[in-house]
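> Taken in sequence, the protein lines are chains F, D, W and C. Position 51 (the first sequence) corresponds to 51 in the numbering used here; numbering is contiguous. Position 84 (the second sequence) corresponds to 84 in the numbering used here; numbering is contiguous. Position 283 (the third sequence) corresponds to 283 in the numbering used here; numbering is contiguous. Position 260 (the fourth sequence) corresponds to 260 in the numbering used here; numbering is contiguous. Even glycine gets a Cβ: it sits at the ideal position worked out from N, Cα and C. Here the structure is a predicted model, which is why all the values come from computation and not from measurement. Provided herewith is a single structure, encoded as structure tokens, for subsequent inquiry.
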Amino acid sequence: MLPITVEFSGGAELLCGNVKKHDVELPKQDTKWQIRNLLVWIKDHIIQERPELFLVGNTVRPGILVLINDADWELMGELDYEIQEKDRIVFISTLHGG
Amino acid sequence: MLPITVEFSGGAELLCGNVKKHDVELPKQDTKWQIRNLLVWIKDHIIQERPELFLVGNTVRPGILVLINDADWELMGELDYEIQEKDRIVFISTLHGG
Amino acid sequence: SVDPVSRLSKNDIERYSRQLILPEFGVKGQMKLQSTSVLIVGAGGLGCPAAVYLAAAGIGRLGVVDYDEVELSNLHRQILHTSDRVGISKSLSIVRSCQRLNSRVEYVPYHLQLSSDNAMDIISRYDIVLDATDNVATRYLLNDACVMAGKPLVSGSALRFEGQLTVYNCSGGPCYRCLFPQPPPPETVTNCAEGGVIGVVPGIIGSMQALEAIKIGSGIGTSYSQRMLLFDALDGTFRCVKLRPRSQACVVCGEQPTVTQLIDYVQFCGAAATDKEQELKVL
Amino acid sequence: SVDPVSRLSKNDIERYSRQLILPEFGVKGQMKLQSTSVLIVGAGGLGCPAAVYLAAAGIGRLGVVDYDEVELSNLHRQILHTSDRVGISKSLSIVRSCQRLNSRVEYVPYHLQLSSDNAMDIISRYDIVLDATDNVATRYLLNDACVMAGKPLVSGSALRFEGQLTVYNCSGGPCYRCLFPQPPPPETVTNCAEGGVIGVVPGIIGSMQALEAIKIGSGIGTSYSQRMLLFDALDGTFRCVKLRPRSQACVVCGEQPTVTQLIDYVQFCGAAATDKEQELKVL
Ligand SMILES: [Zn+2]
Ligand SMILES: [Zn+2]
Numbered sequence: 001m002l003p004i005t006v007e008f009s010g011g012a013e014l015l016c017g018n019v020k021k022h023d024v025e026l027p028k029q030d031t032k033w034q035i036r037n038l039l040v041w042i043k044d045h046i047i048q049e050r051p052e053l054f055l056v057g058n059t060v061r062p063g064i065l066v067l068i069n070d071a072d073w074e075l076m077g078e079l080d081y082e083i084q085e086k087d088r089i090v091f092i093s094t095l096h097g098g
Numbered sequence: 001m002l003p004i005t006v007e008f009s010g011g012a013e014l015l016c017g018n019v020k021k022h023d024v025e026l027p028k029q030d031t032k033w034q035i036r037n038l039l040v041w042i043k044d045h046i047i048q049e050r051p052e053l054f055l056v057g058n059t060v061r062p063g064i065l066v067l068i069n070d071a072d073w074e075l076m077g078e079l080d081y082e083i084q085e086k087d088r089i090v091f092i093s094t095l096h097g098g
Numbered sequence: 001s002v003d004p005v006s007r008l009s010k011n012d013i014e015r016y017s018r019q020l021i022l023p024e025f026g027v028k029g030q031m032k033l034q035s036t037s038v039l040i041v042g043a044g045g046l047g048c049p050a051a052v053y054l055a056a057a058g059i060g061r062l063g064v065v066d067y068d069e070v071e072l073s074n075l076h077r078q079i080l081h082t083s084d085r086v087g088i089s090k091s092l093s094i095v096r097s098c099q100r101l102n103s104r105v106e107y108v109p110y111h112l113q114l115s116s117d118n119a120m121d122i123i124s125r126y127d128i129v130l131d132a133t134d135n136v137a138t139r140y141l142l143n144d145a146c147v148m149a150g151k152p153l154v155s156g157s158a159l160r161f162e163g164q165l166t167v168y169n170c171s172g173g174p175c176y177r178c179l180f181p182q183p184p185p186p187e188t189v190t191n192c193a194e195g196g197v198i199g200v201v202p203g204i205i206g207s208m209q210a211l212e213a214i215k216i217g218s219g220i221g222t223s224y225s226q227r228m229l230l231f232d233a234l235d236g237t238f239r240c241v242k243l244r245p246r247s248q249a250c251v252v253c254g255e256q257p258t259v260t261q262l263i264d265y266v267q268f269c270g271a272a273a274t275d276k277e278q279e280l281k282v283l
Numbered sequence: 001s002v003d004p005v006s007r008l009s010k011n012d013i014e015r016y017s018r019q020l021i022l023p024e025f026g027v028k029g030q031m032k033l034q035s036t037s038v039l040i041v042g043a044g045g046l047g048c049p050a051a052v053y054l055a056a057a058g059i060g061r062l063g064v065v066d067y068d069e070v071e072l073s074n075l076h077r078q079i080l081h082t083s084d085r086v087g088i089s090k091s092l093s094i095v096r097s098c099q100r101l102n103s104r105v106e107y108v109p110y111h112l113q114l115s116s117d118n119a120m121d122i123i124s125r126y127d128i129v130l131d132a133t134d135n136v137a138t139r140y141l142l143n144d145a146c147v148m149a150g151k152p153l154v155s156g157s158a159l160r161f162e163g164q165l166t167v168y169n170c171s172g173g174p175c176y177r178c179l180f181p182q183p184p185p186p187e188t189v190t191n192c193a194e195g196g197v198i199g200v201v202p203g204i205i206g207s208m209q210a211l212e213a214i215k216i217g218s219g220i221g222t223s224y225s226q227r228m229l230l231f232d233a234l235d236g237t238f239r240c241v242k243l244r245p246r247s248q249a250c251v252v253c254g255e256q257p258t259v260t261q262l263i264d265y266v267q268f269c270g271a272a273a274t275d276k277e278q279e280l281k282v283l
């Protein structure tokens with residue numbers, strides 16, 4: 001089991017019953033858990049409505065910023081990043097209001 | 001050697017040449033490093049002027065809040081707290097302006 | 001201490017529509033807020049943004065205490081005053097500016113220095129108190145009065161490039177004296193006249209004070225009981241730290257309080273409850 | 001693009017004394033600030049606090065762009081407007097309020113919608129641009145125009161209980177398109193009219209925009225290039241995150257840009273550059 005925290009904000013939490021913080025345990029699997037696997041797992045286990053507003057193809061939809069331990073996922077390898085125990089992975093829908 | 005970070009803010013940094021962040025290595029000693037020892041070490045090695053505005057007797061002067069890894073030192077044992085590697089210890093002079 | 005509001009007018013619904021549609025706030029939060037009274041002590045760099053955002057959100061009654069008059073050197077940070085009000089009462093100036101934004105709030109300007117003689121009487125008329133003052137003596141006075149009257153105290157402070165925020169005497173958390181049983185030596189206390197301040201720093205802290213008061217007043221509750229926000233504008237960082245709990249030994253809020261009525265705070269702090277003297281020294 | 005200021009008047013010295021005595025700011029910082037021009041695009045919840053703190057600090061010239069007029073539902077967050085200005089131009093309303101606070105600033109209200117036709121001409125007259133808008137199309141337009149004109153873009157946004165802040169196209173950091181090469185699907189975009197907002201949230205983010213602009217203008221420099229501030233008002237937390245660097249492949253700021261003049265942003269985003277339609281839907 002791989003315990004991590006998954007968070008949603010900026011409106012992305014509205015796709016998951018308005019719950020921002022999810023402490024989850026990813027099940028053991030033969031290969032390493034990468035972000036690409038996590039996205040599918042989240043779609044199946046956390047997203048409650050309109051999954052097309054979270055995933056488009058195999059990645060997050062435009063306008064969602066992904067943070068791994070407070071750093072932009074692009075700095076960490078994006079889809080290829082190998083998830084570590086206690087990682088905090090955040091999906092932020094960017095805001096446009098003013 | 002015990003590497004830690006010592007920070008000053010709220011004006012307390014003015015006693016240390018206006019430097020807020022100090023990465024220091026505490027020398028090896030026979031007994032454990034406690035905050036009570038650190039205070040004396042800081043007075044001798046970091047404070048550059050008016051040490052009486054930092055230490056009064058064996059503790060910090062009234063109006064300085066001590067934080068150990070973002071928690072009030074009173075929650076951590078105050079003077080008795082045993083310093084750990086990579087601890088961040090912050091001395092904040094409380095502000096009164098408005 | 002404001003008459004409870006049990007329905008919103010058509011005008012209210014339009015004016016507050018953007019906060020009414022928030023599920024966490026809603027019509028219920030708005031009615032609670034309109035039934036809430038807030039006292040702001042200090043009509044300066046913290047008091048101005050705090051007052052204007054509380055007025056905008058539709059607080060029921062807003063009291064503003066300040067003994068001072070507007071000066072030109074206030075205007076780089078005290079955004080509700082105006083150049084043509086130099087010399088007039090600061091509390092009145094804030095009320096006039098807020099009135100133009102939202103006349104549906106009841107405003108009470110107090111052009112006086114808060115003291116041990118008048119504090120209990122004034123504070124008892126409000127639900128929430130904001131400490132937006134600029135000196136140690138008034139901060140202890142306000143703390144003790146709020147403990148005795150059972151009011152939450154939303155405390156902000158700012159100097160140079162730094163700001164601090166916390167909420168005392170709320171949800172079982174500590175009071176100012178639990179943290180600071182002894183006042184600081186007078187020579188370690190710097191005010192904005194002596195030390196200077198970037199104007200938008202109290203702007204941000206005062207806005208945070210309004211936010212926490214709005215959260216308390218609307219029933220959401222504060223995030224800053226037993227927690228303190230530290231803001232450093234030079235490096236743009238915010239840090240939230242955990243504070244000690246209420247002290248059983250606290251002389252004012254503890255199990256066996258020894259301070260049961262207001263004392264002489266100027267004597268207690270060894271410093272005057274104004275920054276006027278120092279200002280003269282600098283100018 | 002303001003005439004450089006080489007000395008401070010006696011009035012300036014008194015008005016700005018509390019920031020002049022800060023060693024990190026000082027007379028040099030003040031003169032630089034008075035030689036700096038800032039354009040604020042959007043005279044709403046972000047634009048109001050940003051404008052008032054820039055005016056108070058003594059920015060040289062302040063331009064304010066907004067095509068819209070003041071509405072009653074703006075007043076819970078847009079603190080420079082007043083009840084008796086409902087129906088008048090927002091950019092003019094901001095200028096009038098700031099003028100009363102500090103008439104030593106040069107103000108330029110633009111009562112127009114920023115577009116691909118006028119953006120380059122307006123932006124080229126300013127040193128720093130603040131994105132205080134409320135829609136995706138104008139955010140891409142402003143980004144591209146600032147990249148093409150070589151201006152830093154201090155970007156703020158707010159919705160419900162949340163706010164975000166970053167500085168694009170500054171100190172070698174990324175632009176908006178480096179982070180978001182593709183616009184979001186229109187159905188995922190919510191504005192303040194639809195989603196609601198607690199008024200003091202844009203208050204805090206707009207104040208932070210003023211702070212970063214003051215730091216850039218006075219020579220201190222920004223803390224938010226390639227960093228983003230995330231604010232959650234419900235739990236009172238601020239988080240600062242590290243962003244990706246400038247992308248060499250970026251179509252506007254990369255090595256071989258393909259977008260070299262402004263395009264049709266409404267078409268690009270599939271969404272109008274106003275929130276008027278949605279407002280009608282809600283009311
Ligand atoms: Zn206490
Ligand atoms: Zn770019």
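1) Any beta carbon of chain C sitting closer than 9 Å to that of L39 of chain F?
2) In the DSSP assignment, find the alpha helix (DSSP H) that holds V136 of chain W and state where it starts and stops.
3) State the Cα-Cα distance for the pair D264 of chain W and D144 of chain W, rounded to the nearest angstrom.
4) So if DSSP puts T166 of chain C in a beta bridge, which residue, or which two residues, is it bridged to?
5) Between M31 of chain W and the rest of its own chain, which residues show a CB-CB distance below 6 Å, the 5 nearest in sequence each way excluded?
6) Nearest to L75 of chain C by alpha carbon, out of C:R239, C:S1, C:V200?
7) Answer yes or no: does any C-beta atom of chain F fall closer than 9 Å to that of L8 of chain C?
8) Provide the residue(s) that pair with Q34 of chain D in DSSP beta bridges, ordered along the chain.
9) Can you tell me the Cα-Cα spacing of L142 of chain W and M76 of chain D, whole angstroms?
10) Give the residues whose C-beta lies closer than 5 Å to at least one heavy atom of ligand 2, in chain order.
11) Mind listing the chain C neighbours of P62 of chain F? Cutoff is C-beta to C-beta under 9 Å, in chain order.
12) State buried or exposed for T258 of chain W, treating a residue as buried only when at least 16 other CB atoms are found within 10 Å of its CB.
13) State the start and end residues of the unbroken beta strand (DSSP E) segment that holds Y110 of chain W.
14) 9 Å is my cut-off, CB to CB: does H111 of chain W come that close to chain C?
15) So which residues on chain C does P49 of chain W lean against when the C-beta distance must stay under 8 Å?
16) My understanding is that T138 of chain C touches S155 of chain C, with C-beta atoms under 8 Å, so please give their C-beta distance in whole angstroms.
17) Can you tell me whether V40 of chain F is buried or exposed? The criterion is at least 16 other CB atoms within 10 Å of its CB, across all chains shown.
18) Please report how far the alpha carbon of R7 of chain W lies from the alpha carbon of G26 of chain W, in whole angstroms.
19) Who are the Cβ neighbours of A51 of chain C in its own chain at under 7 Å, not counting the five residues just before and after it?
20) CA-CA distance, A149 of chain W and Y176 of chain W?
21) Any contact between the stretch 184-197 of chain C and the stretch 225-240 of chain C? By contact I mean 3 or more CB pairs, one from each, below 8 Å.
22) Hey, quick one: how far does the beta strand (DSSP E) through P3 of chain D stretch, first residue to last?
23) Does the separation of the CB atoms of R244 of chain C and C178 of chain C fall below 9 Å?
24) Mind checking L159 of chain C: buried by the 16 CB within 10 Å criterion, or exposed?
25) Between the stretch 82-93 of chain D and the stretch 3-17 of chain D, do at least 3 Cβ pairs fall closer than 8 Å?
26) Going by Cα to Cα distance, which pick from W:S91, W:G221, W:G196, W:G203 is closest to Q19 of chain C?
27) If you draw a straight line from the C-alpha of I214 of chain C to the C-alpha of D127 of chain W, how long is it?
28) Which residues does DSSP pair with T59 of chain D in a beta bridge?
29) Helix, strand or coil for K242 of chain C, going by three-state DSSP, please let me know.
30) Compute the beta-carbon to beta-carbon distance between F268 of chain C and Y140 of chain C, rounded to the nearest angstrom, for a pair I have assumed lies under 8 Å.
31) To the nearest angstrom, how far is it from the Cα of S218 of chain W to the Cα of R88 of chain F?
With the given structure in hand:
1) For L39 of chain F, the closest Cβ of chain C is not nearer than 9 Å.
2) 136-149
3) 11 Å
4) C:S155, C:M228
5) V5
6) Distance check between L75 of chain C and each of C:R239, C:S1, C:V200 places C:V200 closest, using alpha-carbon atoms only.
7) no
8) D:E82
9) Straight-line measurement puts the Cα of M76 of chain D at about 29 Å from the Cα of L142 of chain W.
10) C:C175, C:R177, C:C178, C:C250, C:C253
11) F180, P181, Q182, P183, P184, P185, T188
12) That one is exposed.
13) 106-110
14) no
15) Per Cβ cutoff of 8 Å: P49, G203, S207.
16) Incorrect: roughly 11 Å between the Cβ atoms, too far for contact.
17) exposed
18) 12 Å
19) Excluding its 5 nearest sequence neighbours in each direction, A51 of chain C has C-beta neighbours in its own chain below 7 Å: I40, L62, V64, L80, I94, C98, listed in chain order.
20) 15 Å
21) no
22) 2-9
23) R244 of chain C places its beta carbon less than 9 Å from that of C178 of chain C.
24) buried
25) yes
26) W:G196
27) 37 Å
28) D:V56
29) strand
30) 6 Å
31) 32 Å
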